[in-house]
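A.B. asks: Dropping the structure in here first, questions after.
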Amino acid sequence: MIYDVCIIGGGIIGASAANHLSAAGFSVFLAERGDFASGTTGRSSRLQHCGLTYFSPGRSILNFLLSPRMALEHFELARRAMRDRSRFIRETPERVRPVSFHIPLYRKDGIAPWKIKLACRLLEAMDSDGVPLDDQLLTPEEIATTPALQHLRDQDQLCGVLRFTEYQFDWPERICIDAILNAEKNGAVACNYTRVDKITRNQNDLWTVDVTDLRSVLPQQVTARTVLNAAGAWVDQLHPDGCGDIPKLNQGLKGSNIAVKLPPEFKDLAIETSLSDGNPFYLIPWGNIHYFGPSDEPHEPDAKGFRVDEKTKDKLLADFATVFPALPLTRQSIVYSWAGVRPRTAREGMPEGSEAVLLHDMNSKEAPGYYVYTGGIIMTHRHAGRDITRSIARYIQPSGSSKPLSRAPQKYSHDKDLGWIKTAGEKIAISQLRSHARDEKARHLDDLLFRRTRLGWSSNMARDVVRSVAEQIADIMDWTTSDIEAEIERYHTTITTNFGIKPHANA
């Protein structure tokens with residue numbers, strides 16, 4: 001079979017592209033070397049940002065004047081973020097939840113209340129019929145009656161607090177899986193645990209993509225009219241053989257976060273502010289815990305890029321102490337941590353990369369029909385899917401007819417007689433758990449616990465129920481008793497290595 005499009009990468013951009021392309025009538029083959037959403041998609045801040053961050057202090061008016069290109073890019077990013085925010089909330093309300101965010105305004109920072117209100121009005125003007133920000137400037141009396149805000153630094157310098165509604169994805173990995181499944185319903189072929197080994201242009205002006213099924217270790221050749229490299233932070237490692245000199249397109253930026261348990265007054269409350277160096281600081285609720293960060297640094301997408309090192313943990317704790325000096329945290333306060341390497345568009349003179357989100361057409365590099373997507377983020381992944389589909393449609397016609405585009409979450413029936421799995425405020429019907437194992441290409445326990453369900457993101461990372469989960473799905477996965485033990489051991493090793501959590505401990 002000759003596919004219209006071969007997509008490399010099963011993260012949120014590849015998944016969105018597959019969903020939009022297949023609905024537009026293109027035949028699609030998608031290859032992901034690990035599990036879907038197992039890379040950067042599963043290590044984000046989980047926020048459907050309104051775009052306010054693009055006007056943050058680190059991007060001052062002076063910086064904008066010195067670089068008009070950056071100013072235009074950031075205004076476009078803010079506009080796109082605000083519009084995609086509204087679309088996602090209205091189209092898929094099941095996968096977001098509102099969070100009450102608070103931005104402290106300090107006199108010495110030079111951000112007067114009227115400036116932040118102006119920024120909010122500008123954002124809403126960019127999306128006049130969109131979901132409102134619900135912004136409100138808290139009075140001194142309201143600040144005084146919000147106990148969590150009493151922990152903020154420099155109370156005597158506070159000239160106000162902006163409260164507004166941000167939305168949190170619930171949760172990115174599941175959104176990616178839903179997009180993959182919706183694409184498959186429209187005929188796409190999506191293969192996880194499938195490594196791309198080589199990309200070549202053949203004599204018929206088609207692309208040949210050599211892949212290996214890592215389950216069977218069997219090679220396979222995929223032939224396609226176009227190739228979309230949506231491998232995120234790994235795009236530069238996967239260019240075709242024999243093409244022109246393709247420059248570095250991606251700059252990885254590692255972001256690290258720490259999860260902790262805070263006093264009851266912080267329940268469901270989030271904080272956004274800037275550190276003394278101008279970098280952002282977020283404190284965000286997640287169930288019965290909060291996570292904070294990020295600590296950013298340029299980094300390659302290797303294993304270390306997806307783990308928080310000891311030095312960074314100390315830095316994050318120190319950052320927290322500058323924002324909340326009356327709330328001392330120690331290493332013992334850490335519930336778990338995570339890191340991920342975000343794909344940023346490489347640009348000369350910018351060691352952390354650019355925030356520009358771009359689709360690169362490699363026709364000028366002797367690679368007609370080869371596209372590379374850089375800077376992709378979950379906030380605007382549906383815009384990415386639409387943009388990619390339009391671009392490919394200008395190059396080739398779809399081989400099939402268009403079909404309805406679905407962005408809906410999957411539906412599951414619950415058999416209450418089978419019971420439930422419960423852990424640290426999270427629960428799932430066993431019947432639904434078995435559906436995930438049977439129908440959604442999970443291979444390992446972490447595939448199931450982090451990406452098909454959110455049990456793994458509970459405060460104890462499902463350590464107390466991992467054996468029950470394994471036993472409930474063993475017949476579907478064709479696991480023997482020794483396989484169950486091996487999978488449980490693998491799961492504990494994974495969360496210990498990647499999230500810094502103590503092995504085999506119960507919360």
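At position 414 of the sequence shown (counting the first as 1) the number is 414 in the numbering used here, and the numbers step up by one without a gap.
We treat Cβ as the ideally placed atom computed from N, Cα and C, and that holds for glycine.
Please read these numbers as outputs of a predicted model, since none were measured by experiment.
My understanding is that Gly425 touches Ser458, with C-beta atoms under 8 angstroms, so please give their C-beta distance in whole angstroms.
C.D. replies: By 1-based counting over the sequence shown, the position of residue 425 is 425. By 1-based counting over the sequence shown, the position of residue 458 is 458. Right, the Cβ-Cβ distance comes to about 6 angstroms (below 8 angstroms), so this counts as a contact.
A.B. asks: Looking at C-alpha atoms only, which residue of Thr330, Met477, Trp420 and Gln432 is the closest neighbour of His444?
C.D. replies: Here residue 444 refers to the residue found at position 444 when the sequence shown is read from its first residue. Among Thr330, Met477, Trp420 and Gln432, the Cα nearest to that of His444 belongs to Met477.
A.B. asks: Fully enclosed by the stretch 304-387, which beta strand (DSSP E) runs are 3 residues long or longer?
C.D. replies: As far as the stretch 304-387 is concerned, its whole beta strand (DSSP E) runs of at least 3 residues are 334-347, 350-354, 358-361 and 370-374.
A.B. asks: If you reduce the DSSP assignment to three classes, tell me which class Asn460 lands in.
C.D. replies: The sequence position of residue 460 within the sequence shown is 460, counting from 1. Correct three-state label for Asn460: coil.
A.B. asks: Which two residues bound the contiguous beta strand (DSSP E) that contains His102?
C.D. replies: Counted from its first residue, the sequence shown places residue 102 at position 102. It spans Val96 to Tyr106 - the beta strand (DSSP E) in which His102 sits, taken as one unbroken run.
A.B. asks: Going residue by residue through the stretch 225-273, where are the continuous beta strand (DSSP E) segments of at least 3 residues, counting only ones entirely within it?
C.D. replies: List check, beta strand (DSSP E) in window: 250-260.
A.B. asks: Please go through the same chain and pick out, in chain order, the residues whose beta-carbon is closer than 7 angstroms to the beta-carbon of Asp170, but skip the five residues on each side of it.
C.D. replies: On the sequence shown, residue 170 is found 170 positions in, with the first residue counted as 1. Same-chain partners within the cutoff: Arg95, Val96 and Arg97.
A.B. asks: Assign Thr389 to one of three DSSP states: helix, strand, or coil.
C.D. replies: Along the sequence shown, one-based indexing puts residue 389 at 389. If DSSP states are grouped into helix, strand and coil, Thr389 belongs with the helices.
A.B. asks: Leaving out five residues on either side along the sequence, give the residues of the same chain with a beta carbon under 8 angstroms from the beta carbon of Lys502.
C.D. replies: To locate residue 502, count along the sequence shown from 1; it is residue 502. For Lys502, where only same-chain residues beyond five positions count, the Cβ hits under 8 angstroms are Thr496.
A.B. asks: For the alpha helix (DSSP H) that contains Ile508, what are its first and last residues?
C.D. replies: For the chain, the structure presents residues 1 to 507; residue 508 sits outside this window and is missing.
A.B. asks: Might you give, ordered along the chain, the residues of its own chain that have their beta carbon closer than 6 angstroms to the beta carbon of Ala78, omitting 5 neighbours on each side?
C.D. replies: Position 78 of the sequence shown, counted from the first residue, corresponds to residue 78. The answer, listed in chain order, is Gly51 and Tyr54.
A.B. asks: What does a CB cutoff of less than 7 angstroms around Gly293 pick up in its chain, not counting 5 residues either side in sequence?
C.D. replies: By one-based count along the sequence shown, residue 293 stands at place 293. Hits under 7 angstroms: Gly255, Ser256, Asn257, Ile258, Tyr282 and Leu316.
A.B. asks: For Ser60, collect the residues of the same chain with a Cβ closer than 7 angstroms to its Cβ; drop the 5 residues on either side in sequence, then sort them by chain order.
C.D. replies: Within the sequence shown, residue 60 is the residue found at index 60, counting from 1. Residue placement at Ser60 is flagged as unreliable, the pLDDT there being 47, under the threshold of 50; the coordinate-derived value follows with that caveat. Same-chain partners within the cutoff: there are none.
A.B. asks: Considering Cα atoms alone, identify which of Lys261, Lys108, Arg33 and Leu228 is closest to Gln332.
C.D. replies: Sequence index remark: in the sequence shown, residue 332 carries index 332 (1-based). Looking at the Cα atoms, Lys261 is the closest of the given residues.
A.B. asks: Do Gly252 and His290 have their C-beta atoms within less than 9 angstroms of each other?
C.D. replies: On the sequence shown, position 252 is the one that residue 252 refers to. On the sequence shown, position 290 is the one that residue 290 refers to. No, these two residues do not count as a Cβ contact at 9 angstroms.
A.B. asks: Taking His381 as the reference, give the member of Arg452, Met1, Asn19 and Asp4 with the closest Cα.
C.D. replies: As a first step, residue 381 is located in the sequence shown; it is residue number 381 there, counting from the start. If we check each option's Cα against that of His381, Asn19 comes out closest.
A.B. asks: Could you give the DSSP three-state label for Lys416: helix, strand or coil?
C.D. replies: Reading the sequence shown from its first residue, position 416 is the one you call residue 416. In this structure, Lys416 counts as helix in the three-state DSSP scheme.
A.B. asks: Check Leu545 in the structure and name its three-state DSSP category.
C.D. replies: Here the chain covers residues 1 to 507 and nothing more, so residue 545 does not appear.
A.B. asks: Quick check on the DSSP output: the alpha helix (DSSP H) that includes His436 runs from which residue to which?
C.D. replies: As a first step, residue 436 must be located in the sequence shown, where it is residue number 436. From DSSP, the alpha helix (DSSP H) with His436 extends over Ile430 to Asp439.
A.B. asks: Do Asp135 and Lys117 come within 9 angstroms of each other at the CB atom, strictly closer than that value?
C.D. replies: One-based indexing of the sequence shown puts residue 117 at position 117. One-based indexing of the sequence shown puts residue 135 at position 135. Yes, they are a contact pair.
A.B. asks: Which term fits Lys403, buried or exposed, when burial requires 16 or more other beta carbons within 10 angstroms of its beta carbon?
C.D. replies: On the sequence shown, position 403 is the one that residue 403 refers to. It is exposed - the Cβ of Lys403 has fewer than 16 other Cβ atoms within 10 Å.
A.B. asks: What's the C-alpha gap between Leu149 and Ile143?
C.D. replies: Within the sequence shown, the letter at position 149 stands for residue 149. Within the sequence shown, the letter at position 143 stands for residue 143. Going from the Cα of Leu149 to the Cα of Ile143 covers about 6 angstroms.
A.B. asks: In whole angstroms, give me the CA-to-CA distance for Asp277 and Glu352.
C.D. replies: Locating residue 277 in the sequence shown gives position 277, where the first residue counts as 1. Locating residue 352 in the sequence shown gives position 352, where the first residue counts as 1. Their Cα atoms are separated by approximately 15 angstroms.
A.B. asks: Looking at the structure shown, is Ser402 part of a helix, part of a strand, or coil, going by DSSP?
C.D. replies: Along the sequence shown, read from residue 1 onward, the residue named residue 402 stands at position 402. In the structure shown, Ser402 sits in coil (DSSP, three-state: anything other than H, G, I, E or B).
A.B. asks: My guess is that Thr453 and His436 are in contact by the Cβ rule of under 8 angstroms, so how many angstroms apart are they, rounded?
C.D. replies: Residue 453 sits at position 453 when you count from the first residue of the sequence shown. Residue 436 sits at position 436 when you count from the first residue of the sequence shown. Correct: roughly 6 angstroms between the Cβ atoms.
A.B. asks: Assign Trp114 to one of three DSSP states: helix, strand, or coil.
C.D. replies: Within the sequence shown, residue 114 is the residue found at index 114, counting from 1. Residue state, collapsed to three classes: helix.
A.B. asks: Flag this pair as touching only if the stretch 318-333 and the stretch 14-34 have three or more C-beta atom pairs under 8 angstroms; answer yes or no.
C.D. replies: The stretch 318-333 vs the stretch 14-34: no contact.
A.B. asks: Using a Cβ-Cβ cutoff of less than 7 angstroms, which residues in the same chain neighbour Leu62 once the five nearest sequence positions on both sides are dropped?
C.D. replies: Within the sequence shown, residue 62 is the residue found at index 62, counting from 1. Below a pLDDT of 50, predicted positions are generally treated as unreliable, and Leu62, at 44, falls in that range; no measurement from the model is reported.
A.B. asks: Where do the N-terminal and C-terminal ends of the beta strand (DSSP E) with Arg163 fall, by residue?
C.D. replies: Taking the sequence shown and counting its residues from 1, the one referred to as residue 163 is at position 163. Leu158 to Phe169 is the span of the beta strand (DSSP E), which, as asked, contains Arg163.
A.B. asks: Which same chain residues, not among the five before or five after Ala179, have their C-beta less than 6 angstroms away from its C-beta?
C.D. replies: To locate residue 179, count along the sequence shown from 1; it is residue 179. Correct list, in chain order: Ala15, Ser16 and Asn19.
A.B. asks: Check this for me: beta carbons of Tyr491 and Leu433, under 9 angstroms apart or not?
C.D. replies: Residue numbering aside, residue 491 sits at position 491 when the sequence shown is read from its first letter. Residue numbering aside, residue 433 sits at position 433 when the sequence shown is read from its first letter. Going by C-beta atoms, Tyr491 is not nearer than 9 angstroms to Leu433.
A.B. asks: According to DSSP, simplified to helix, strand and coil, what is Ser16?
C.D. replies: On the sequence shown, position 16 is the one that residue 16 refers to. The answer is helix: DSSP assigns Ser16 an H, G or I state.
A.B. asks: Taking the beta strand (DSSP E) that Glu297 belongs to, which residues open and close that run?
C.D. replies: In the sequence shown, counting from the first residue as 1, residue 297 sits at position 297. Glu297 -> beta strand (DSSP E) spans Ile289 to Pro298.
A.B. asks: Tell me, please, whether the stretch 154-173 touches the stretch 122-140 by the rule of three or more beta-carbon pairs shorter than 8 angstroms.
C.D. replies: As far as the Cβ criterion goes, the stretch 154-173 touches the stretch 122-140, which means the pair count is three or higher.
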